[in-house]
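Comments concern the structure below.
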Amino acid sequence: MAKDPCAGLDVYRVGGAVRDAHLGWPVKDTDWVVVGATPEEMRQRGFRPVGRDFPVFLHPQTQEEYALARTERKSGHGYTGFVVYASPDVTLEEDLVRRDLTINAMAESMDGTLVDPFGGMVDLEARILRHVSPAFVEDPLRVLRTARFLARYAGLGFSVAASTMTLMSELAESGELSHLVAERVWAETERALSEPCPEQYFRTLDSCGALKVLMPELYEHEGLEPRLKRMHALPEALKDVASWRWGRLLETLSESQRADLGQRLRMPRAYRELIEQLAYTRQLANGGADTAQSIMTWMESVDAWRRGERVGPLLSVLALDHPELSASVGAAWQAASSLAPRELVEEGFSGSELGRELARRRLAAISRSL
Ligand code: CTP
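Residue 1 is where the sequence shown starts when you use UniProt numbering, and the numbers rise one by one after that.
Rendered as structure tokens:
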């Protein structure tokens, strides 16, 4: 039998895996910390190094991540502004103290013994998100992480400790958040949007002043609360719920505000497109009249002829506030989409004339359906 690569190593399960196991939350992946070993020793045991800058290795069989115990010190702004110090003399406690929240700073040895120097279990049972030490501020992303954890665990009764909120507010005020790279901000936001209580993410960032630094557009026109309410009320059947929630949050922004925010956060195209479609749907509803021409314009705007799969979900959202309009647009869609361009070709239409005739007949079919 192959030798166990961990035999004789001082290894601990850490972070999210320990936290989630104790919360009864599904454990996604397990991270490990190795104390007292060198990179050379890890390689000799068959672990594969990942990345250049961090002393992290993949287990040869399980592919789980094993990090050498390390400390980090900040040396500048942003993601790259860290000096990582890993050495066999870094203790488990020195590794844990640099972590963000007490519930994330617990470790478990191979025999299941809990190592909890910062009161993580007490906080976990009291449902409190609390920073481990003042080193919290060394990574401003932790403001967003804390808000995201609340979006995930608020249903279990969690809240953020007052002292941690104070640190988060200080970070927001310091200007440090503007040095976060867009990809990290977006990654946290996208994950938060998939959590059970995404509104908690935005409310927490609002309370500490981070939201107005990162996404000032959310305060335009109507303010934050109506947006959160809209985000909350979505049909259950929608797939890709994160993008629908994000779309509902932003659909009332002007085109230029949407463009600014999209660019600043490097928002993926699918998200941008859905916001556009929701904005067009909103225009249709606000237009008031369910005239054939405005319905036809809406279908063209959302590219319904080529992307017919968009129509049903958009109409299910429209139905939340405008059930009658949604039903009549649905009937119009049935009528208009049943016209096949092929039939017009068989009648002898071609080129731009085919396009014009198809549009004319679609409009007529929509009119008849109303
Ligand atoms: N960590 C930290 N500060 C960060 C990122 C991570 O202190 N900015 C620490 C925490 O101890 C965290 C661990 O690294 O538990 C692993 O980070 P990650 O895998 O990003 O998060 P998880 O806590 O595992 O949470 P999730 O379930 O969201 O992946």
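Think of the CB as a built atom: it goes at the ideal place given N, C-alpha and C, for glycine as much as any other residue.
Values in this document were obtained by computation on a predicted structure and should not be read as measured data.
Is residue i near the ligand SAH, with its Cβ less than 6 Å from a heavy atom?
| i | result |
| --- | --- |
| C6 | Among the ligands modelled here, namely the ligand CTP, the ligand SAH does not occur. |
Are the CB atoms of residue i and residue j nearer to each other than 7 Å?
| i | j | result |
| --- | --- | --- |
| L315 | S326 | yes |
| L238 | E199 | no |
| L141 | R184 | yes |
| S169 | G209 | yes |
| A147 | R266 | no |
| G157 | R127 | yes |
| H322 | A285 | yes |
| T252 | E222 | yes |
| V27 | A17 | yes |
| L261 | E220 | no |
| A69 | D111 | no |
| D206 | L224 | yes |
| V311 | Q277 | no |
| V35 | D10 | yes |
| Y66 | W32 | yes |
| A365 | A335 | yes |
| S109 | Y201 | no |
| A331 | S294 | no |
| L129 | L171 | no |
| V132 | F118 | yes |
| G46 | P60 | yes |
Provide the residue span of the beta strand (DSSP E) that contains residue i, from first to last.
| i | result |
| --- | --- |
| F57 | 56-58 |
Throw me the rounded Cβ distance for the residue i and residue j pair, which I believe falls under 8 Å.
| i | j | result |
| --- | --- | --- |
| L124 | A107 | With a Cβ gap of about 14 Å, L124 and A107 do not count as contacting. |
| L318 | T291 | Actually they do not touch by this definition, with Cβ atoms about 16 Å apart. |
| L193 | W246 | 6 Å |
| R258 | L250 | 6 Å |
| T71 | R99 | About 11 Å; that fails the 8 Å criterion. |
| F57 | R48 | 6 Å |
| L354 | P341 | 7 Å |
| M296 | R356 | M296 to R356, Cβ: 13 Å. No contact. |
| A152 | P196 | Inspection of the sequence shows that residue 152 is occupied by Arg rather than by Ala. So it is a contact: roughly 7 Å between Cβ atoms. |
| N104 | G24 | Actually they are not in contact, since the Cβ atoms of N104 and G24 sit about 17 Å apart, beyond 8 Å. |
| Y271 | S243 | 5 Å |
| E64 | T30 | 5 Å |
| G308 | S350 | About 23 Å; that fails the 8 Å criterion. |
Going by DSSP, what residue range makes up the alpha helix (DSSP H) through residue i?
| i | result |
| --- | --- |
| K3 | Where K3 is concerned, there is no enclosing alpha helix (DSSP H), given that its DSSP letter is neither H nor E. |
| S169 | 162-174 |
| E357 | 351-369 |
| Y219 | Run containing Y219: none; DSSP gives neither H nor E here. |
| A210 | No alpha helix (DSSP H) holds A210; DSSP gives it neither H nor E. |
| D321 | 311-321 |
| P341 | 341-346 |
| E195 | Run containing E195: none; DSSP gives neither H nor E here. |
| F149 | 141-153 |
>> At 3 residues or longer, what runs of the beta strand (DSSP E) sit wholly inside the UniProt domain "Poly A polymerase head" (12-130)?
In response: 31-35, 48-50, 56-58, 65-68, 70-74, 82-86, 107-109
>> List, from N- to C-terminal side, the alpha helix (DSSP H) runs of 4 residues or more that fit wholly inside the stretch 233-309.
In response: 241-250, 255-264, 269-286, 292-301
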